[in-house]
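Right, one structure below, let's go through it.
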Amino acid sequence: MDEHFARGNSLLHKRDPKAKIISAAALVAVTATSNSFAVAGASLILGIALFFLTKLPAQLVLKRLLAVNGFTFFLWLTLPLTYGGSEFTSIGPVSISIEGLRLATLITLKTNGIVLSIIALLGTSRISSIGHALESLHLPQKLCFILLFSYRYIFVIYQEYRRLARAATMRCFVPSTTIHTYRTFGYLFGMTLIKSWNRATRIHQAMVLRGFDGHLIPLSQDRYSTADTYFLSTMMILTATLAMLNFA
Amino acid sequence: MQKTPLIELCNISYTYPHNHTPILKNLNFSVFEKNVGIIGSNGCGKTTFFQIIVGLLVPDKGQLVFQGTSVKDKADLRALRKEVGFLFQNSDDQLFSPTVIEDVAFGPLNLGFDPAAAREIAMETLDDLGLSGFEERVTHKLSGGEKKLVALATILAMKPKMLLLDEPTNNLDPETRGRLIGILQRLDLYQIIISHDWDFLSQTNSILYQIEHGHIHRCEEDHIHVHSHIHKAGDHPHRHDLKH
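Next comes the structure, spelled out in structure tokens:
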């Protein structure tokens, strides 16, 4: 919630979120759909390079990468054993497949490349700017609202849930594998849902009372500058080059 | 007394869906006094009363009259809502933007001011309430008292003629409470205040009305008075029994 990454004054922080969103979308699309090591490797290098441009502290990002690689770790555990194809080596009765190893490596490269690029490109803007930028890129307004409001209220809703859960704990509720536990959690979730719904109604009322008629008008006008055009063009050329590597 | 009251409720009845007994019955009310205090027991319809004034609830029967003309369509409501600001009981329901400045500027933006002008109005309003420096603060991280003052700023930024305050001093510490009283005393606006906080009502010089059994009636003049006495935590807001 702190938007650590959005604080800063680097080259990337100063870019218009619209330019960054388009760059990120193109880059992610090319990387994610590619099956080539050259593309995956190049996108990882590009991700690292972009990240250095943000001048953000490395530790914070390493923590994020660690979380992401928790997932790829499981791929390393399963893919080489289950993917089939030609055998690389075997440990006892277990054979390790070359294709499995290849795929796990490819996914790991792609994942890290994409996460770094997204942190560098999207993480450097505040969620609210991104929401408004998406709206001005003519994405469905409702989806933009959902993004903006989830960001504002997810924490409040979580706190509401915590309050209820604490009230249960105060009355000596200890979760276990019983119907009573399941029912209690059902009540807690249900009550959180109802409270969120009621809150949403009241917020909507507050907005209507202040003249809201379905359009959120952004206060800070991000100005699209020539520097943004240069940035977007550079990113597009790089992404096109990546796409071309597919066929090399 | 003026000729036309800003707000007038004529013969208003309202029943909540899935409920048999009406919460408000043939209620008549018009605002002439600058400061009105509304008292009444929990669930007697005080908040409902406010919600009807600003058109959040549509009465089953009766008329809402704004500056002498009956409120009929959305355009009338918009005009009314520009002039009548409603401070909710829970500020978390009122502050929905990520930062304070965005929230305060929300109303002016909707009123058609361009972003630069809206920002200026917002800054002035914050300044006026002694909240300069709060612009970039994250709304959900403010303290309860700060939230209440910022919520008030979001409403004052629309330059209303009337304020509806729903239990404004609830859960405020004595200092913030004092600050709020100071602000309200200074504002030259019509104010209708729902409160259980007697001391607060007397400090805002409110004429008291009571909502009871679906009706509203004016309390007798000598109903409100301030005690001076000593007891533990006496400088904290407290109340005494209604019946003396």
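Protein chains in written order, with my numbering: chain A, 1 to 248; chain B, 1 to 244. Ideal Cβ placement from N, Cα and C applies to all residues, glycine included.
Legend: CB atoms of the region 115-138 of chain A lying less than 8 Å from CB atoms of chain B belong to residues Arg126, Ile127 and Ser128.
Taking a Cβ-Cβ cut-off of 7 Å, the neighbours of Gln94/B in chain A comprise Ala206, given in sequence order. Leu109, Asn110, Leu111, Pro115, Ala118 and Arg119: these are the residues of the region 108-120 of chain B whose beta carbon lies less than 8 Å from some beta carbon of chain A, given in chain order. Three or more beta-carbon pairs separated by less than 8 Å link the region 15-32 of chain A to the region 112-128 of chain A, which places the two stretches in contact. Across the region 122-150 of chain B, CB contacts with chain A closer than 9 Å involve Ala122, Val138, Thr139, His140 and Lys141, in sequence order along the chain. Taking the CA atoms as reference points, Val28/A sits about 22 Å from Ala227/A. The Cβ atoms of Phe50/B and Ile7/B lie no closer than 8 Å to each other.
Against chain A, the beta carbon of Leu56/B has neighbours under 9 Å at Gln205, Val208 and Leu209, listed in chain order. Just so you know, the alpha carbons of Pro168/B and Ile203/A end up roughly 17 Å apart. The C-alpha of His18/B is placed about 58 Å away from the C-alpha of Trp76/A. Met162/B has Val84/B and Tyr190/B as its beta-bridge partners, per DSSP. Between the region 95-102 of chain B and the region 167-183 of chain B, the count of C-beta pairs closer than 8 Å stays below three; the two stretches do not touch.
Rounded to the nearest whole angstrom, the CA to CA distance from Lys159/B to Phe134/B is 20 Å. Against Arg199/A, the close residues of chain B are Asp93, in the order they occur along the chain (beta-carbon pairs closer than 7 Å). Judged by DSSP secondary structure, Arg218/B falls within the beta strand (DSSP E) whose first and last residues are His215 to Arg218. Per DSSP, Tyr14/B is one residue of the beta strand (DSSP E) stretching across Ile7 to Tyr14. Pairing Val54/B with Val31/B gives a Cβ-Cβ distance that is not under 8 Å. Taking 8 Å as the cut-off, the beta carbon of Thr48/B is found closer than this to the beta carbon of Leu57/B.
Nearest in C-alpha terms to Ile194/B, of all of Arg186/B, Asp128/B and Gln210/B, is Gln210/B. Of the residues Asp199/B, Asn28/B and Gly37/B, the one whose Cα lies closest to the Cα of Tyr14/B is Asn28/B. Neighbours of Val156/A in chain B, taken as residues at a C-beta separation under 7 Å, are given in chain order as Asp92 and His140. Collapsing the DSSP output to three states places Leu44/A in a helix. Among the residues facing chain B, Phe88/A is not included, as its CB has no counterpart in that chain under 8 Å away. Within the model, the alpha-carbon separation for Leu116/A versus Met235/A is close to 15 Å. Relative to Ala42/A, the option among Met207/A, Thr111/A, Ile130/A and Arg163/A whose CA is nearest is Thr111/A. Within its own chain, the residues whose Cβ lies closer than 7 Å to the Cβ of Ile107/A, once the five positions on either side in sequence are excluded, are Thr72 and Leu75, listed in chain order. The straight-line gap separating the alpha-carbon atoms of Leu137/A and Ser150/A is approximately 20 Å.
The alpha-carbon separation between Leu149/B and Tyr230/A amounts to approximately 44 Å. Phe71/A has a beta carbon lying at 8 Å or more from every beta carbon in chain B.
Counting along the chain, Gly70/A sits inside the alpha helix (DSSP H) bounded by residues Ala58 to Thr82. Glu102/B belongs to the set of residues whose beta carbon lies under 8 Å from a beta carbon in chain A.
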